[in-house]
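Novice: Line by line, the protein sequences are chains A and B. Residue 171 in my numbering sits at position 169 of the first sequence, with consecutive numbering throughout. Residue 202 in my numbering sits at position 200 of the second sequence, with consecutive numbering throughout. Note that the Cβ used here is the ideal one computed from N, Cα and C, for glycine as well. Sharing a structure with you now.
There are 2 protein chains.
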Amino acid sequence: MPVVIPVAAISIVDAIAHDLRERLFSGGLSPAAALTETDVAGSYDVARPTAKAAIERLVAEGLLVRGAHKTARVADLGPIDVRDIYLARAYLESEVVRRLAAARSVPAEAVRANADIAALTNDTPLAVVEPDMRFHLSLIDAVGNERISKMYRSLVSEVRLCMTRVQTLKLLDTSMIHDEHERILALLGAGDGEAAARLLDDHLARARERLAAALGGTADPAAG
Amino acid sequence: MPVVIPVAAISIVDAIAHDLRERLFSGGLSPAAALTETDVAGSYDVARPTAKAAIERLVAEGLLVRGAHKTARVADLGPIDVRDIYLARAYLESEVVRRLAAARSVPAEAVRANADIAALTNDTPLAVVEPDMRFHLSLIDAVGNERISKMYRSLVSEVRLCMTRVQTLKLLDTSMIHDEHERILALLGAGDGEAAARLLDDHLARARERLAAALGGTADPAAG
DNA sequence: ACGTGAACACTTGTTAGACAATATTTGAAC
DNA sequence: GTTCAAATATTGTCTAACAAGTGTTCACGT
C-alpha cells in the first residue's frame, strides 16, 4: 500500500502572507509602517486584489491593523497589548499545566526544547526565543486540542511581533528561564498542578513585565 | 460638547458575511451544503470577488470549510469537534472562574442573564440558548481581556452552528441549567475558585455529552 | 459488463482595468 | 498662522476575462 506523502501547494496569497509575516518578525517592517495594497502588489508583482487578500489575512491575525478606507499599518503593540496577550497566555497555559499535572504527563517535546535552551552558548540575545516558544507551544500541543493550539499560536505570533522591537534589549536570562522550565516540568511529573500553575504564572508575569517595560510601560506587576 | 454617537458603516462584505452567519445559525443552510461563489454573488447581487471575500471570512471563522479549488461547504461538526470545542471552552472558562473567585467578583451581567433563564416560560426548546450563551460570555468578558473575549466568541459561534442541528432534540433542562449557574455564581462570591471551576467543568461536560450524543457520537464522558 | 481515459462543464485562482467613495495632503485665501 | 477648498492617494467594488484545477460523462476498448 502506497504511503501518502503530504504536500501542500500553497496559493500566491498564502505565499505573500507568509513572506510578509517573516518580514514582520525579522524586523524588516517597522511598527506603524504603512503597507498600501498597491505597494505590496508592486513589490511581489501581483495584482492588487491578491495583495489585498494577503493584507486582510494578516489583519485578521492581528499583525496589521487598519480601519475602513485607511491604509494598513504594522500593529504597534504597547504595554497594554503586552499585558492583554500575556494574560491570555497565562489563562490558557496555566489551565493546561493543571490538567497535564493531573495526568502526570510530561511532554517529551517540552523536555527537548528546554534541553536546547540549556545548550545555548552566548549567541545573539534572542536566540533563546525560538526554543522558549517551542517549550510553551509543546505544553499546549500536548493536550491535543485543535482549537486551543490555534488560539495559542495566534498569541505567540503577536508576542513575536513585540519581540522584534526589543531585539537589542537584554530581556532574558537564559539560565533562569531554563531553571524555571525545569521546575515546571518536575511539578508536572509530581502531579502538583497547583504549584505548576502558580510557578508558570510567575514565569509569564516576569517575562510580561520585562517586555512591557521595554515597550515603554511603567512597572506594574499587578496589572492585567 | 457634542456626544459621539458611534455608528458603523459596514461594508458590503461585512453585511454579506453577517447575513450568511445568521442563515447558518437559523438553520437556513444545511450542514455540508455547497456555497459556490457564483451562487452567493447571485443571491446578493454582488460581484464574485465580493462574495469570495465573505466566504473566506466565514472559512476563517470555522463556520465554512473548503479546500483549494473546492467549493465551500457548511462545516458539519461532529462529536469529535464538539468535544474539541467544549474542552477549549472549559479551559478558558474554568480558569476565568478561578480568577474571578480569587477577586470575589460576581459579574452583574451574569446574574441578569441567569435571571432571564429563570424567567423563561415554555417557549421553543432552544429559547434558553441565548441567555445561556450570554451567561457564559459575561463571565469571560468580566476579566476585560480583549483577546480572551475574541477567542471565546469564536468558540461560541461554532457551538451555535452545532445547535442548529439539534433544534428538535430536548437537550436542555432549563431549571437545572439555572440552578447550576446559580451555584457557580455563589461560589464566585464565596471565593472558592476550586469548587467553582469543578462545577463549571461538570456543567460543560454535561452539555457537551448531550450535544455530542445528539450529533451521533457514543457516550464518552471521559473523552477529550 | 467493466474499467480506462479523454472530452466536457463547473468552479476557483488570478489578473487587468475602471469607477466611486473616502482619506490625506497640498495649496491658497484670509 | 489658521481655515477652507481643491488635488491627490488609497481603498471598496465592479465587470470581464483567462488560466488552472476538479468532477463528471461518455464513448471506447478489452
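Would you say I7 of chain B reaches chain A, if we count a Cβ-Cβ gap shorter than 8 Å as a contact?
Specialist: Interpretation of I7 of chain B is limited by its pLDDT of 49, a score under 50 that renders its predicted location unreliable; the figure taken from the coordinates is listed afterwards. No, because no Cβ of chain A sits closer than 8 Å to the Cβ of I7 of chain B.
Novice: Would T176 of chain B and I119 of chain B qualify as a contact pair, given that the criterion is a beta-carbon distance under 8 Å?
Specialist: Yes. Within cutoff.
Novice: Going straight from the alpha carbon of A90 of chain B to that of S45 of chain A, what length do you get?
Specialist: Answer to the nearest angstrom: the Cα atoms are 40 Å apart.
Novice: What's the C-alpha gap between I82 of chain A and L187 of chain B?
Specialist: Going from the Cα of I82 of chain A to the Cα of L187 of chain B covers about 29 Å.
Novice: Inspect the CB distances between the stretch 12 to 29 of chain B and the stretch 44 to 58 of chain B and report whether three or more fall short of 8 Å.
Specialist: Cβ pair count under 8 Å is three or more, so yes.
Novice: Are the beta-carbon atoms of R1 of chain A and A199 of chain A separated by less than 8 Å?
Specialist: Absent from the structure is residue 1 of chain A, since the part of chain A shown begins at 3 and ends at 226.
Novice: Report yes if the C-beta distance between L190 of chain A and S96 of chain A is below 8 Å; otherwise report no.
Specialist: Not a contact, by the Cβ cut-off of 8 Å.
Novice: Return the chain-ordered list of same chain residues with a C-beta closer than 8 Å to the C-beta of D203 of chain A, the five sequence neighbours on each side being excluded.
Specialist: Hits under 8 Å: A92, S96.
Novice: As a quick exercise: from A:I142, A:F137, A:E63, pick the residue whose alpha carbon is nearest that of E182 of chain A.
Specialist: That would be A:F137, whose Cα lies nearest to the Cα of E182 of chain A.
Novice: If you scan the stretch 39 to 96 of chain B from start to end, which runs of the alpha helix (DSSP H) of 4 or more residues do you find wholly inside it?
Specialist: Counting only runs of 4 or more, we get 39 to 46, 50 to 63.
Novice: How is the alpha helix (DSSP H) around P109 of chain B delimited, first residue to last?
Specialist: Per DSSP, P109 of chain B belongs to no alpha helix (DSSP H) and is neither H nor E.
Novice: What are the partner residues of L37 of chain A, as DSSP defines its beta bridges?
Specialist: Answer is A:A74.
Novice: If we define contact as Cβ-Cβ less than 8 Å, is P51 of chain B a contact residue for chain A?
Specialist: P51 of chain B counts as touching chain A.
Novice: Which whole-angstrom value is the C-beta distance of I87 of chain A and E160 of chain A, which I expect to be below 8 Å?
Specialist: With 8 Å as the limit, I87 of chain A and E160 of chain A qualify as a contact, their Cβ atoms being about 5 Å apart.
Novice: Counting only Cβ pairs nearer than 7 Å, list the residues of chain B close to Y46 of chain A.
Specialist: Within chain B, no residue comes near Y46 of chain A; the closest Cβ sits about 19 Å away, beyond 7 Å.
Novice: Less than 7 Å separating the Cβ of S13 of chain B from some heavy atom of the ligand SAH?
Specialist: With respect to the ligand SAH, the structure offers nothing, as it holds no ligand at all.
Novice: Quick one: which residues of the stretch 122 to 156 of chain B get their C-beta closer than 7 Å to a C-beta of chain A? List them in chain order.
Specialist: Cβ contacts with chain A: N147, E148, R149, I150, M153.
Novice: How should D229 of chain B be labelled, buried or exposed, when 16 other C-beta atoms within 10 angstroms of its C-beta is the threshold for buried?
Specialist: No statement about residue 229 of chain B is possible, as the shown extent of chain B runs from 3 to 226 and does not include it.
Novice: If the cut-off is 8 Å on Cβ atoms, which residues from the stretch 173 to 190 of chain B count as contacting chain A, listed in chain order?
Specialist: Within the stretch 173 to 190 of chain B, no residue has a Cβ that lies closer than 8 Å to any Cβ of chain A.
Novice: DSSP state of G29 of chain A, grouped into three classes?
Specialist: Three-state DSSP puts G29 of chain A in coil, outside helix and strand.
Novice: Hey, is L66 of chain A's beta-carbon within less than 8 Å of any beta-carbon in chain B?
Specialist: No, no contact with chain B.
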